[in-house]
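Below: the structure, in structure tokens.
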Amino acid sequence: MALLQISEPGQTAAPHEHRLAVGIDLGTTNSLVATVRSSMAETLPDEQKRHLLPSVVHYSADAAPLVGDEAQAKASQDPLNTIASVKRFMGRGLADVKSVGSRLPYDFIEEEGMPRIRTVVGALSPVQVSADILRSLRSRAESSLGGELTGVVITVPAYFDDAQRQATKDAARLAGLNVLRLLNEPTAAAVAYGLDKAAEGVYAIYDLGGGTFDISILRLQRGVFEVMSTAGDSALGGDDMDRLVAQWIMQQADIAEDAEHKHIRQLVSMARAAKETLTQQDTAPLSLQFDNGQQWQGQLTRTQFNTLIEPLIQKTLMPCRRALRDAGIASDAIHEVVMIGGSTRVPRVREKVAEFFQRQPHVDIDPDKVVAIGAAIQADVLAGNKPDSDMLLLDVTPLSLGLETMGGLTEKVIPRNTTIPVAKAQEFTTFKDGQTAMAIHVVQGERELVTDCRSLARFELRGIPPMVAGAARIRVTFQVDADGLLSVAAQEQTTGVYSEITVKPSYGLADNDIESMLREAMENAGDDATKRALREQQVEADRVVNALKAALKADGQQLLKRSEFDTVNLRLNNLLNIMRGTDPQAIKIAIDELEQTTRDFAARRMDKAIQMAMQGKALDEFDTETEH
Amino acid sequence: MAVTLTESAAKHIQKALSSRGKGVGLRLGVRTSGCSGMAYILEYADEIDEHDQVFESQGLQVIVDDKSLVYIDGTELDFAREGLNEGFKFNNPNVENECGCGESFTV
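The listed protein sequences derive, respectively, from chains A and B.
Using our numbering, the first residue of the first sequence is number 31, and each one after it goes up by one.
Using our numbering, the first residue of the second sequence is number 11, and each one after it goes up by one.
Right under this line is the structure:
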């Protein structure tokens, strides 16, 4: 028999019509699933009352994959088939995966352009491994809620690019989940604290997990959370605290640096226990039993612990400063600070963050669960369980989307922080006479030059009728759906030839690229502007040179005197030399000079063209033509 | 007769009400729909109107409208766990048939 939940007044759903929806925090270290029941958002535990599911999957030849703690237990005996931290590989190319995974034991191979991990059950993509984690959460959710899920909201880091978002969506589809929306993790945390109910404000979301640190500055404006900036350190977290404490214990207890691996692991877990004790107590007792029967007793005080981890906390404040600078705001412009991640339980972390932002951070909701809870609240609304909800949370594009124009320049079609879904169109034209095809190169990023941006996709529009340069009208439409996924279409307006692409990303991103792309864009703004000016002049010079060469070939000998012809050629060669240089101003001057020199030539060509057109026609024919 | 709560139901409702931050009690009722004729209503109550009966159980107000009371008088509301699933269950002495799912019933 079905078990019932309490509804809001007047909102009891008809039998069998309540839509089950959950929020999933698919984390690097741990994953969670949460739902809204009886108007309360809560994470769902497994049979052993464990809420956190370690994001670890173990594969064996003769059994179904194990997920979570059971998989983690296999890590030391079967490391090659126990896959952890797979989120770091989502949507990445093989080269990136190798650099990120160099400290991990997995055997990476490349198949169909995608990195895969070799296991006993065959080569698995990061998407497939993530799907196994999601499947485990799905079955937990369905047995907890007593029915099939209508939809899920999955959270992703704010800096995830299209490739990484698409990979996350693919994993969900593979796990049989209907994704209502991908939601940025910091936005989810803000939703959990109900900050979206405020009219506007600027929020800092400080996320210190087991192995990663992220800071995001969000601005809420007219119900839209806009990511102003993100920064972080992909190799900094609570695990580093444990290692420091373990090293300290080794010094205190006189344990050699080259202790056995087994002992080091024991020390690290003892260090972690001490860290956890110190969130509540002022001292943590330590005791070690050596193989020779000897014992060591000691203790770690909170003050000692604070001194040990001080450098780590300082390391998180640097990205905070950077994020504020990128957002162009001072720390006192922050209205609220939200803490995410288990390591924000450490009292010293809270103190330093409060000091830095000059306000007390929100810590009431369990920092491990806050992201999943926010996702659950959003999922409940999107599934349609709150008919009178005014919460229509919109998301924005994290980076600008555009395409490559002549000279390797970026033309932005959809600027960053545009609310999605969105569709925008822009018209482009051909560059050369008789051009019948156009290559469209879709890029993502803030920089002026294509080489500094992320390449997302390339496709071609063919069958453009031959016309003079600049006559064709090609309309390129960019469309981003509610999940931040992009499709691009190109259509020639006179003939209607059409071509489109859904961005199937070309997994080529180096580690931390997206995070640093915004920063680089700001740091290089001046430099980029110069480069852009140079490229623009070079493209213009190219156009002039092409047109003039064609004209000279057609009737240069006929219309120009020998001396005139030589002058034009001299100036042309001058421009050809200068355009290879780096001074946009000099190129501009050379173009102007050349155009002046050829003005007479152009006029004579025009006259000749008119004469040719008039030849052999009677006067009345002109009359009829002018009437049209 | 009355409509009552078990201790575990009361504990859970208390927690839900305080996390919700408002509400005078819990409204129980029925309406016609579902595969076997009638369906239960289980909602937070923000107000009590003139057609309501108010019962006091385990320190909480249980609110039932006149029309519904005929069908659910004597009901004990329980909070049950079945494996990972958890939720409220109407132990209604008036019920003759339930649809397999328990969301609707006939009297």
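Quick reminder that beta carbons are idealized off the backbone N, C-alpha and C, glycines included.
**OP:** Could you tell me whether the Cβ of residue 280 of chain A comes closer than 8 Å to any Cβ of chain B?
**Re:** Along the first sequence, read from residue 1 onward, the residue named residue 280 of chain A stands at position 250. No, residue 280 of chain A does not count as interfacial toward chain B.
Original post:
According to DSSP, what are the bridge partners of residue 90 of chain A?
Top reply: Counted from its first residue, the first sequence places residue 90 of chain A at position 60. In DSSP, residue 90 of chain A forms a bridge with A/93.
Subject >> Interface residues of the stretch 82-101 of chain B facing chain A [CB-CB below 7 Å] >> reply: 90, 92, 93, 94, 95, 96, 97, 98, 99
Original post:
residue 185 of chain A by DSSP, collapsed to three states: which one?
Top reply: The count along the first sequence starts at 1 and reaches residue 185 of chain A at position 155. Under the three-state reduction of DSSP, residue 185 of chain A is assigned to strand.
Original post:
Would you say residue 125 of chain A touches the ligand ADP, meaning its beta carbon is less than 7 Å from a heavy atom?
Top reply: Absence of the ligand ADP is noted for the structure shown, with no ligands found whatsoever.
Subject >> Own chain, CB closer than 7 Å to residue 204 of chain A, minus 5 neighbours either side, in chain order >> reply: Residue mapping note: residue 204 of chain A aligns to position 174 of the first sequence, counting from 1. Closer than 7 Å at Cβ, skipping near neighbours: 157, 158, 161.
Original post:
Given 8 Å as the limit, is there contact between the stretch 342-350 of chain A and the stretch 208-215 of chain A, that is, 3 or more CB pairs closer than that?
Top reply: no
Original post:
Mapping DSSP to helix, strand and coil, what is residue 583 of chain A?
Top reply: For this step, residue 583 of chain A is matched to residue 553 along the first sequence. The answer is helix: DSSP assigns residue 583 of chain A an H, G or I state.
Subject >> Minimum C-alpha distance to residue 228 of chain A - residue among A/238, A/210, A/240, A/249 >> reply: Against the first sequence, residue 228 of chain A aligns to sequence position 198. Nearest to residue 228 of chain A by C-alpha distance, out of A/238, A/210, A/240, A/249, is A/249.
Original post:
What residues in its chain sit with their C-beta under 7 Å from that of residue 595 of chain A, if we drop five residues either side in the sequence?
Top reply: Taking the first sequence and counting its residues from 1, the one referred to as residue 595 of chain A is at position 565. Same-chain partners within the cutoff: 586.
**OP:** Could you pull out every residue in the same chain whose Cβ sits closer than 6 Å to the Cβ of residue 390 of chain A, ignoring the five residues on either side in sequence?
**Re:** Taking the first residue of the first sequence as position 1, residue 390 of chain A is located at position 360. By the criterion of a C-beta distance shorter than 6 Å, residue 390 of chain A is surrounded in its chain by 384, once the five residues flanking it on both sides are discounted.
Original post:
Counting only beta-carbon atoms, is residue 51 of chain B nearer than 8 Å to chain A?
Top reply: Here residue 51 of chain B corresponds to residue number 41 of the second sequence, with the count starting at 1. Chain A contact via Cβ: present.
**OP:** Return the chain-ordered list of same chain residues with a C-beta closer than 6 Å to the C-beta of residue 219 of chain A, the five sequence neighbours on each side being excluded.
**Re:** By 1-based counting over the first sequence, the position of residue 219 of chain A is 189. Contacts found: 235, 368, 370, 400, 401, 404.
Original post:
Which residues of chain B have a Cβ atom closer than 8 Å to the Cβ of residue 175 of chain A, listed in chain order?
Top reply: The count along the first sequence starts at 1 and reaches residue 175 of chain A at position 145. Within chain B, the residues near residue 175 of chain A are 95.
Subject >> Residue from A/460, A/197, A/561 with nearest C-alpha to residue 504 of chain A >> reply: The count along the first sequence starts at 1 and reaches residue 504 of chain A at position 474. Residue A/460 is the option with its Cα nearest to residue 504 of chain A.
Original post:
According to the Cβ coordinates, are residue 561 of chain A and residue 479 of chain A closer than 8 Å?
Top reply: Position 531 of the first sequence, counted from the first residue, corresponds to residue 561 of chain A. Position 449 of the first sequence, counted from the first residue, corresponds to residue 479 of chain A. Closer than 8 Å, so yes.
Subject >> Minimum Cβ-Cβ distance from residue 168 of chain A to chain B less than 8 Å >> reply: Here residue 168 of chain A is taken as the residue at index 138 of the first sequence, counted from 1. No, because no Cβ of chain B sits closer than 8 Å to the Cβ of residue 168 of chain A.
Original post:
Within this structure, are the beta carbons of residue 127 of chain A and residue 109 of chain A separated by less than 8 Å?
Top reply: To locate residue 127 of chain A, count along the first sequence from 1; it is residue 97. To locate residue 109 of chain A, count along the first sequence from 1; it is residue 79. No; because the gap between Cβ atoms is not below 8 Å, this pair is not in contact.
**OP:** Consider the Cβ of residue 75 of chain B: report whether some Cβ of chain A lies at a distance smaller than 8 Å.
**Re:** Taking the first residue of the second sequence as position 1, residue 75 of chain B is located at position 65. Chain A, which has no Cβ nearer than 8 Å to the Cβ of residue 75 of chain B, makes this no.
Original post:
Name the residues in the stretch 32-43 of chain B whose C-beta lies less than 9 Å from a C-beta of chain A; which are they?
Top reply: 33, 36, 37, 39, 41, 43
Subject >> Close beta carbons around residue 525 of chain A, own chain, < 6 Å, minus the five adjacent residues each side >> reply: Locating residue 525 of chain A in the first sequence gives position 495, counting from the first residue. 495.
Original post:
Any Cβ of chain B within less than 8 Å of the Cβ of residue 42 of chain A?
Top reply: Taking the first sequence and counting its residues from 1, the one referred to as residue 42 of chain A is at position 12. Yes - at least one Cβ of chain B is within 8 Å of the one on residue 42 of chain A.
Original post:
Considering only C-alpha positions, which residue in the set B/20, B/33, B/40, B/78 is nearest to residue 90 of chain B?
Top reply: Translated into positions along the second sequence, residue 90 of chain B becomes position 80. Checking every option, the nearest Cα to that of residue 90 of chain B belongs to B/20.
Subject >> Span of the beta strand (DSSP E), counted from its first residue to its last, around residue 95 of chain B >> reply: As a position in the second sequence, residue 95 of chain B is number 85, starting the count at 1. First-last of the beta strand (DSSP E) with residue 95 of chain B: 95-101.
Subject >> Neighbourhood of residue 583 of chain A by C-beta distance below 6 Å, restricted to the same chain and skipping five residues each side >> reply: On the first sequence, residue 583 of chain A is found 553 positions in, with the first residue counted as 1. Excluding sequence neighbours, residue 583 of chain A sits near nothing in its chain.
Original post:
In terms of alpha-carbon separation, which member of A/387, A/85, A/374 lies closest to residue 361 of chain A?
Top reply: As a position in the first sequence, residue 361 of chain A is number 331, starting the count at 1. Out of A/387, A/85, A/374, A/387 has the C-alpha closest to the C-alpha of residue 361 of chain A.
Subject >> Unbroken stretches of the beta strand (DSSP E), 3 residues or longer, contained in the stretch 329-411 of chain A >> reply: 366-370
**OP:** Any chance you could list the beta strand (DSSP E) runs of at least 3 consecutive residues sitting entirely within the stretch 482-508 of chain A, in chain order?
**Re:** 484-492
Original post:
Considering only residues of the same chain and omitting the five flanking positions on each side of residue 150 of chain A, which have a CB-CB separation below 7 Å?
Top reply: Position 120 of the first sequence, counted from the first residue, corresponds to residue 150 of chain A. Counting only Cβ-Cβ distances below 7 Å, and skipping sequence neighbours, we find 89, 90, 91, 111.
Subject >> chain B contact residues for residue 69 of chain A, given Cβ-Cβ distances below 8 Å >> reply: Position 39 of the first sequence holds residue 69 of chain A. The contacting residues are 26, 29, 30, 54.
Original post:
What's the C-alpha gap between residue 32 of chain B and residue 39 of chain A?
Top reply: Against the second sequence, residue 32 of chain B aligns to sequence position 22. Against the first sequence, residue 39 of chain A aligns to sequence position 9. Looking at the two C-alpha atoms, the distance is approximately 12 Å.
Subject >> Closest residue to residue 630 of chain A among A/603, A/380, A/591 (Cα-Cα distance) >> reply: As a first step, residue 630 of chain A must be located in the first sequence, where it is residue number 600. Comparing Cα positions, the closest option is A/591.
Subject >> DSSP three-state assignment for residue 640 of chain A, whether helix, strand or coil >> reply: What you label residue 640 of chain A is simply residue 610 of the first sequence in a count that begins at 1. Helix at residue 640 of chain A.
Subject >> Proximal residues of chain B, C-beta to C-beta of residue 36 of chain A below 8 Å >> reply: Counting from one through the first sequence, the residue named residue 36 of chain A turns up at place 6. Within chain B, the residues near residue 36 of chain A are 23, 26, 36, 52, 53, 54, 98.
Subject >> Contacts of residue 33 of chain A in chain B (Cβ-Cβ under 9 Å) >> reply: On the first sequence, residue 33 of chain A is found 3 positions in, with the first residue counted as 1. 89, 90, 91, 92, 95, 96, 97, 98, 99, 112, listed in chain order.
Original post:
With a cut-off of 8 Å, does the C-beta of residue 145 of chain A fall near any C-beta of chain B?
Top reply: The count along the first sequence starts at 1 and reaches residue 145 of chain A at position 115. Closer than 8 Å: no.
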